[in-house]
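**Q** Numbering follows the working numbering, with no gaps: position 57 of the sequence shown is 599. Backbone N, C-alpha and C define an ideal beta-carbon position, used for all residues, glycine too.
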Amino acid sequence: MTGPLLTFDIPTLLAGCMLLLSLVMVSRMRLKSLIGVFRYQSALLAVYAALLAFSDAEPELLAAALLIALVKVVLIPTVLLRMAKKNNVSERLDSYLRPTMSTAVGVVAILLAFAAAHVTFASFATSAGLVIIACVFAL
Numbered sequence: 543m544t545g546p547l548l549t550f551d552i553p554t555l556l557a558g559c560m561l562l563l564s565l566v567m568v569s570r571m572r573l574k575s576l577i578g579v580f581r582y583q584s585a586l587l588a589v590y591a592a593l594l595a596f597s598d599a600e601p602e603l604l605a606a607a608l609l610i611a612l613v614k615v616v617l618i619p620t621v622l623l624r625m626a627k628k629n630n631v632s633e634r635l636d637s638y639l640r641p642t643m644s645t646a647v648g649v650v651a652i653l654l655a656f657a658a659a660h661v662t663f664a665s666f667a668t669s670a671g672l673v674i675i676a677c678v679f680a681l
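1) Using only CA atoms, which one of Ser584, Glu602 and Val631 lies nearest to Val613?
2) Can you check which of these residues, Thr645, Ser564 and Lys627, is closest to Leu573 by C-alpha distance?
3) Using three-state DSSP, classify Arg624 as helix, strand or coil.
4) Quick one: grab the DSSP three-state call for Arg570.
5) Threshold first: 4 residues or longer. Then list the alpha helix (DSSP H) segments lying entirely within the region 554 to 605, N to C.
6) When the Cβ atoms of the region 597 to 615 are set against those of the region 623 to 640, are three or more pairs found closer than 8 Å?
7) To the nearest angstrom, how far is it from the Cα of Met571 to the Cα of Val649?
8) Using the Cβ count rule (16 or more neighbours within 10 Å means buried), how would you classify Val568?
9) For Ser644, tell me which candidate among Leu561, Val566, Leu556 and Ile552 has the shortest Cα-Cα distance.
10) Excluding sequence positions up to five away, which residues of its chain have a Cβ less than 8 Å from the Cβ of Ile610?
11) Assign Val615 to one of two classes, buried (16 or more other C-beta atoms within 10 Å of its C-beta) or exposed (fewer than that).
12) Using only the alpha-carbon positions, how far apart do Pro619 and Phe580 sit?
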């Protein structure tokens, strides 16, 4: 049971979590909160790459996972927060839509992405593949 669990269930779960965090990012109205969610999403991406590296025995993917963790989880958020503080950027972000409406628009975009993925890749995609392809379309 270890093989199918590593190659199907966990990657699909990680892709779903990344998609959910994308919806959370859309609804954030504070800069620190938005950057924090970006860190979580980047950490999930690093875990996903590391999982694929171990399951496929690809050392290049492990190097990519480490780079993702270093750059997207540590370096970019730190630099963004430092620059925002240095330039006196407002903590509150402006938006044309309220957070609830932004989330609703995000959900509609995800549903459209799933529909596009299903139509485009229906002949060879599994349900896990559709989740990942829809994530790519939505993001």
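**A** Working from what's here:
1) For Val613, the nearest C-alpha among the options comes from Ser584.
2) Minimum Cα distance to Leu573 is reached at Lys627.
3) The answer is helix: DSSP assigns Arg624 an H, G or I state.
4) Secondary structure of Arg570 (DSSP, three-state): coil.
5) Scanning the region 554 to 605 for uninterrupted alpha helix (DSSP H) segments of 4 residues or longer gives 573 to 598, listed from N- to C-terminal end.
6) No: fewer than three Cβ pairs fall under 8 Å.
7) Cα to Cα, Met571 sits roughly 18 Å from Val649.
8) Buried, because 16 or more other Cβ atoms sit within 10 Å of the Cβ of Val568.
9) Comparing alpha-carbon positions, the option among Leu561, Val566, Leu556 and Ile552 lying closest to Ser644 turns out to be Val566.
10) Ser584, Leu587, Ala588 and Ala591, listed in sequence order.
11) By the neighbour-count criterion, in which a residue is buried when 16 or more other Cβ atoms sit within 10 angstroms of its Cβ, Val615 is buried.
12) Between Pro619 and Phe580, the alpha-carbon positions lie close to 8 Å from each other.
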